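Numbering (my numbering), first residue to last: -7 to 214.
Every residue gets a Cβ at the ideal spot worked out from N, C-alpha and C, and that includes glycine.
Remember, predicted model here, so these are calculated numbers, not experimental data.
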Amino acid sequence: MPNPDRPSGSRPSPAGESVTERIRAAIYDGTLASGELLIEAELREWLDAPSEEIAAALRELERVGLVETAPQRHTRVAQPRAEDRTAVLQTLGALVSGVVRVTVPTLTAGQRAELLAFVEHTMTTVAAEDADAHGRCVWGLVDRFLKHCENPVLVSATKDVIGALIYRVSATRSAATVDWSDLRVGYPHLRSALAAGDAVGAELAIEHIFRLQVPLHDLEVH
-7 MPNPDRPSGS
3 RPSPAGESVT
13 ERIRAAIYDG
23 TLASGELLIE
33 AELREWLDAP
43 SEEIAAALRE
53 LERVGLVETA
63 PQRHTRVAQP
73 RAEDRTAVLQ
83 TLGALVSGVV
93 RVTVPTLTAG
103 QRAELLAFVE
113 HTMTTVAAED
123 ADAHGRCVWG
133 LVDRFLKHCE
143 NPVLVSATKD
153 VIGALIYRVS
163 ATRSAATVDW
173 SDLRVGYPHL
183 RSALAAGDAV
193 GAELAIEHIF
203 RLQVPLHDLE
213 VH
C-alpha cells in the first residue's frame, strides 16, 4: 500500500485529518481501488493509527456505502454495480434538487451569473458527448449550489451522503451509460430557470438531469 498522505498526484493530507477522511480520500482518488481488500494490520501500519480508530473509520465508511463488509470473510472497498447506476443517480437528484429549490431564490446577481456560466460550460461537454468532462462539470455544478445554499442543515445533511453516491456514479460512468438526450433537455431548462429566478423550474430541471422521471422497473442497464 502506498502512503495515503501522498497518493500520486495529490497533496499531503492536512494536519489533523481523521482516519476516516484519509481512507475516504484514498478511495476517491483511486489510491484504494474498487474492490480492494482492506486488511486491518496493513491499514494500521499505513495510517499509523490504532485498531480502534481503523475499525471506527471502516464502520463509518460502510454506513455511507464506500466499504463493504462480509463478517468473518472480508472488508473491501465497495464495487459499484452498473445496474444500480440509475437508482443512484435518482437518489442524487432527489438530494440536489432540494438544495437547488432552496438556493435559487436567495442567489445574488453574482452568484446567479457564476452558475449560469458554469451551466453553459457544462452544456459544451454534453454537445461533445464527453462523458468524463461532463462528470467533472456536473459535480462542480453541485458544489457551487452547495456553496451558495444558505441552509447549513441541508448542506450538512447532503454532504454527509453525496460523496459516496458520486463515487458510485463515477465508477460506473462511460459514454454508453450517459443518457445524452435527457441532458440535452435538462440543461437548457436549468439555464432558463436560473436566469428567471424560477426555483421550481430549476428543481424540475435538475430532476430531469438526474433521471428522476425514469421508472426504474422499465430500465435495463444504464
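(message) Can you find the residues in the same chain that come closer than 7 angstroms, C-beta to C-beta, to H113, ignoring five residues on each side of it along the sequence?
(response) C129
(request) Within 10 angstroms of the Cβ of T117, are there 16 or more other Cβ atoms? Answer buried if so, exposed if not. (result) buried
(message) In this structure, how does DSSP classify E60 when only helix, strand and coil are distinguished?
(response) strand
(request) Just mark H140 as buried or exposed, buried being the case when its beta carbon has 16 or more other beta carbons within 10 Å. (result) buried
(message) Measuring CB atoms only, is the region 67 to 85 touching the region 174 to 187, in the sense that at least three cross pairs come out at less than 8 angstroms?
(response) The region 67 to 85, when compared against the region 174 to 187, does not touch it at the 8 angstroms Cβ threshold.
(request) Report the rounded CA-to-CA distance for G90 versus N143, giving the unit in angstroms. (result) 11 angstroms
(message) Given this structure, state the Cα-to-Cα distance separating S10 from W131, to the nearest angstrom.
(response) 24 angstroms
(request) From the DSSP output, in three-state form, read off R68 for me. (result) strand
(request) Going by CA-CA distance only, name the one from D174, Q103, F137 that's closest to E121. (result) D174
(message) Let me check understanding here. Comparing Cα to Cα, which of F137, L138, V111 lies closest to A125?
(response) Residue V111 is the option with its Cα nearest to A125.
(request) Please report how far the alpha carbon of G27 lies from the alpha carbon of E44, in whole angstroms. (result) 23 angstroms
(message) Rounded to the nearest angstrom, what separates L204 and A86 at their Cα positions?
(response) 8 angstroms
(request) With DSSP as the reference, label L29 as helix, strand or coil. (result) strand
(request) Note down the Cα distance separating P97 from V192, rounded to an integer number of angstroms. (result) 10 angstroms
(message) Tell me the DSSP secondary structure of F202 in three-state form.
(response) coil
(message) Using the three-state DSSP reduction, which class does S184 fall into: helix, strand or coil?
(response) Three-state result, S184: helix.
(request) With a floor of 4 residues, list each alpha helix (DSSP H) that falls wholly inside the region 148 to 194, ordered by position along the chain. (result) Unbroken alpha helix (DSSP H) runs of no fewer than 4 residues, entirely contained in the region 148 to 194, are found at 172 to 188, following chain order.
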